[in-house]
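For reference, the structure is listed below as C-alpha coordinates.
Residue numbers (this note's numbering): 19 to 217.
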(Lines of atoms letter the chains of each structure in order from A; the text may use other names.)
(Lines give C-alpha, C1' and ligand atoms only; values in the text may rest on other atoms or scores of the structure.)
Protein backbone atom coordinates (compact mmCIF):
# COMPACT_ATOMS: atom_id res chain seq x y z
CA UNK A 19 0.00 0.00 0.00
CA UNK A 20 1.47 3.41 -0.92
CA UNK A 21 2.39 5.57 2.07
CA UNK A 22 -0.07 8.28 1.04
CA UNK A 23 -2.92 5.78 0.78
CA UNK A 24 -2.59 5.00 4.50
CA UNK A 25 -1.53 8.27 6.08
CA UNK A 26 -4.62 10.33 5.48
CA UNK A 27 -6.90 12.21 7.86
CA UNK A 28 -9.86 9.74 7.80
CA UNK A 29 -7.60 6.82 8.74
CA UNK A 30 -5.90 8.80 11.50
CA UNK A 31 -9.33 9.70 12.93
CA UNK A 32 -10.34 6.01 12.88
CA UNK A 33 -7.16 5.06 14.73
CA UNK A 34 -7.73 7.84 17.26
CA UNK A 35 -11.25 6.48 17.84
CA UNK A 36 -9.79 3.10 18.81
CA UNK A 37 -7.34 4.81 21.18
CA UNK A 38 -10.33 6.29 23.01
CA UNK A 39 -11.58 2.80 23.91
CA UNK A 40 -9.01 1.94 26.63
CA UNK A 41 -9.45 5.40 28.17
CA UNK A 42 -13.22 4.89 28.35
CA UNK A 43 -12.71 1.39 29.77
CA UNK A 44 -10.36 2.67 32.48
CA UNK A 45 -12.76 5.45 33.44
CA UNK A 46 -15.66 3.03 33.78
CA UNK A 47 -13.47 0.57 35.71
CA UNK A 48 -12.67 3.31 38.21
CA UNK A 49 -16.34 3.78 39.13
CA UNK A 50 -17.43 2.19 42.42
CA UNK A 51 -21.11 3.04 42.98
CA UNK A 52 -21.19 1.12 46.28
CA UNK A 53 -18.64 3.54 47.78
CA UNK A 54 -20.52 6.65 48.92
CA UNK A 55 -17.26 8.49 49.57
CA UNK A 56 -16.42 8.21 45.87
CA UNK A 57 -19.67 9.67 44.55
CA UNK A 58 -18.05 12.85 43.22
CA UNK A 59 -15.49 10.82 41.25
CA UNK A 60 -18.17 8.39 40.02
CA UNK A 61 -20.15 11.31 38.61
CA UNK A 62 -17.06 12.84 36.99
CA UNK A 63 -15.79 9.54 35.55
CA UNK A 64 -19.23 8.79 34.12
CA UNK A 65 -19.36 12.24 32.55
CA UNK A 66 -15.91 12.01 30.94
CA UNK A 67 -16.52 8.46 29.69
CA UNK A 68 -19.79 9.59 28.09
CA UNK A 69 -18.09 12.65 26.62
CA UNK A 70 -15.30 10.57 25.05
CA UNK A 71 -17.82 8.11 23.64
CA UNK A 72 -19.69 11.03 22.10
CA UNK A 73 -16.46 12.35 20.59
CA UNK A 74 -15.78 8.90 19.15
CA UNK A 75 -19.28 8.67 17.67
CA UNK A 76 -18.97 12.11 16.05
CA UNK A 77 -15.52 11.22 14.69
CA UNK A 78 -17.11 8.31 12.82
CA UNK A 79 -19.31 10.77 10.94
CA UNK A 80 -16.39 13.12 10.31
CA UNK A 81 -13.97 10.51 8.94
CA UNK A 82 -16.63 9.07 6.63
CA UNK A 83 -17.48 12.54 5.31
CA UNK A 84 -13.81 13.44 4.74
CA UNK A 85 -13.05 10.12 3.04
CA UNK A 86 -15.88 10.64 0.55
CA UNK A 87 -15.28 14.38 0.12
CA UNK A 88 -11.57 14.05 -0.64
CA UNK A 89 -11.76 10.63 -2.29
CA UNK A 90 -9.58 9.05 0.39
CA UNK A 91 -11.49 5.79 0.71
CA UNK A 92 -8.85 3.07 1.25
CA UNK A 93 -8.87 -0.69 1.86
CA UNK A 94 -7.50 -0.03 5.34
CA UNK A 95 -10.31 2.43 6.02
CA UNK A 96 -12.98 0.01 4.81
CA UNK A 97 -11.68 -2.65 7.20
CA UNK A 98 -10.64 -0.53 10.17
CA UNK A 99 -13.49 1.99 10.35
CA UNK A 100 -16.25 -0.55 11.15
CA UNK A 101 -13.85 -2.36 13.49
CA UNK A 102 -13.25 0.91 15.36
CA UNK A 103 -17.01 1.44 15.67
CA UNK A 104 -17.56 -2.04 17.12
CA UNK A 105 -14.67 -1.72 19.57
CA UNK A 106 -16.02 1.63 20.78
CA UNK A 107 -19.58 0.38 21.18
CA UNK A 108 -18.95 -3.05 22.67
CA UNK A 109 -16.07 -1.83 24.83
CA UNK A 110 -18.50 0.58 26.48
CA UNK A 111 -21.41 -1.86 26.67
CA UNK A 112 -19.36 -4.63 28.27
CA UNK A 113 -17.95 -2.26 30.90
CA UNK A 114 -21.46 -1.06 31.76
CA UNK A 115 -22.56 -4.59 32.76
CA UNK A 116 -20.70 -4.80 36.12
CA UNK A 117 -21.96 -1.30 36.92
CA UNK A 118 -25.51 -2.65 36.50
CA UNK A 119 -26.25 -0.02 33.88
CA UNK A 120 -26.50 -2.56 31.07
CA UNK A 121 -28.05 -6.03 30.83
CA UNK A 122 -25.68 -8.81 29.76
CA UNK A 123 -28.33 -10.52 27.61
CA UNK A 124 -28.76 -7.37 25.52
CA UNK A 125 -25.02 -7.20 24.85
CA UNK A 126 -24.95 -10.90 23.91
CA UNK A 127 -27.92 -10.38 21.57
CA UNK A 128 -26.25 -7.43 19.84
CA UNK A 129 -22.92 -9.27 19.63
CA UNK A 130 -24.66 -12.26 18.02
CA UNK A 131 -26.28 -9.90 15.52
CA UNK A 132 -22.93 -8.31 14.64
CA UNK A 133 -21.24 -11.69 14.20
CA UNK A 134 -24.11 -12.90 12.04
CA UNK A 135 -24.12 -9.84 9.79
CA UNK A 136 -20.32 -9.82 9.49
CA UNK A 137 -20.35 -13.51 8.56
CA UNK A 138 -23.03 -12.99 5.94
CA UNK A 139 -21.19 -10.05 4.41
CA UNK A 140 -17.93 -12.01 4.34
CA UNK A 141 -19.57 -14.95 2.58
CA UNK A 142 -21.35 -12.58 0.20
CA UNK A 143 -18.08 -10.83 -0.61
CA UNK A 144 -16.44 -14.16 -1.36
CA UNK A 145 -19.27 -14.95 -3.76
CA UNK A 146 -19.03 -11.60 -5.49
CA UNK A 147 -22.16 -10.20 -3.85
CA UNK A 148 -22.31 -6.75 -2.28
CA UNK A 149 -24.62 -6.19 0.69
CA UNK A 150 -24.59 -2.51 1.57
CA UNK A 151 -25.78 -1.00 4.84
CA UNK A 152 -29.47 -0.13 4.59
CA UNK A 153 -31.36 2.73 6.20
CA UNK A 154 -32.29 0.58 9.20
CA UNK A 155 -28.64 -0.08 9.98
CA UNK A 156 -27.78 3.61 9.74
CA UNK A 157 -30.71 4.54 11.97
CA UNK A 158 -29.57 1.88 14.45
CA UNK A 159 -26.15 3.49 14.67
CA UNK A 160 -27.67 6.94 15.19
CA UNK A 161 -29.91 5.85 18.09
CA UNK A 162 -27.12 3.74 19.59
CA UNK A 163 -24.64 6.63 19.50
CA UNK A 164 -27.15 8.85 21.27
CA UNK A 165 -28.41 6.29 23.78
CA UNK A 166 -25.16 4.72 25.01
CA UNK A 167 -23.48 7.93 26.24
CA UNK A 168 -26.64 8.88 28.14
CA UNK A 169 -26.57 5.46 29.84
CA UNK A 170 -22.90 6.02 30.63
CA UNK A 171 -23.66 9.49 32.04
CA UNK A 172 -26.10 7.78 34.42
CA UNK A 173 -26.35 10.50 37.06
CA UNK A 174 -28.91 13.33 36.70
CA UNK A 175 -27.58 16.57 35.25
CA UNK A 176 -29.53 19.82 34.87
CA UNK A 177 -32.55 18.06 36.38
CA UNK A 178 -32.68 15.44 33.60
CA UNK A 179 -32.53 11.67 34.20
CA UNK A 180 -30.20 10.93 31.28
CA UNK A 181 -29.99 7.23 32.15
CA UNK A 182 -33.67 6.57 31.40
CA UNK A 183 -33.61 8.72 28.27
CA UNK A 184 -30.55 6.76 27.15
CA UNK A 185 -32.27 3.42 27.65
CA UNK A 186 -35.25 4.51 25.55
CA UNK A 187 -32.96 5.51 22.69
CA UNK A 188 -30.82 2.41 23.15
CA UNK A 189 -33.80 0.02 23.07
CA UNK A 190 -34.92 1.64 19.82
CA UNK A 191 -31.43 0.94 18.44
CA UNK A 192 -31.72 -2.70 19.56
CA UNK A 193 -35.00 -3.11 17.66
CA UNK A 194 -33.48 -1.46 14.60
CA UNK A 195 -30.41 -3.72 14.92
CA UNK A 196 -32.64 -6.80 14.76
CA UNK A 197 -34.64 -5.39 11.85
CA UNK A 198 -31.51 -4.50 9.89
CA UNK A 199 -29.99 -7.90 10.71
CA UNK A 200 -33.07 -9.59 9.29
CA UNK A 201 -32.82 -7.33 6.24
CA UNK A 202 -29.20 -8.37 5.64
CA UNK A 203 -30.18 -12.04 5.84
CA UNK A 204 -33.16 -11.54 3.55
CA UNK A 205 -31.06 -9.81 0.88
CA UNK A 206 -28.37 -12.48 1.14
CA UNK A 207 -30.73 -15.44 0.71
CA UNK A 208 -32.68 -13.69 -2.05
CA UNK A 209 -29.45 -13.24 -3.96
CA UNK A 210 -28.52 -16.88 -3.40
CA UNK A 211 -31.97 -18.00 -4.59
CA UNK A 212 -31.69 -15.80 -7.69
CA UNK A 213 -28.29 -17.25 -8.50
CA UNK A 214 -29.58 -20.77 -7.98
CA UNK A 215 -32.47 -20.11 -10.37
CA UNK A 216 -30.05 -18.80 -13.01
CA UNK A 217 -27.82 -21.84 -12.55
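Where a beta carbon is used, it is the ideal one built from N, C-alpha and C, also for glycine.
The C-alpha of residue 91 is placed about 31 Å away from the C-alpha of residue 187. In this structure the segment 97–104 does not lie against the segment 194–203, because fewer than three pairs of beta carbons, one per stretch, are closer than 8 Å.
Taking the Cβ atoms as the reference, residue 198 lies roughly 4 Å from residue 155, within the contact range of under 8 Å. Around the beta carbon of residue 55, a 10 Å sphere encloses fewer than 16 other beta carbons of the protein chains shown; the residue is thus reported as exposed. The closest CA to that of residue 78, considering only 125, 165, 29, 51, is found on 29. Boundaries for residue 120: no alpha helix (DSSP H) harbours it, and the DSSP string shows neither H nor E there.
Just so you know, the alpha carbons of residue 70 and residue 208 end up roughly 40 Å apart.
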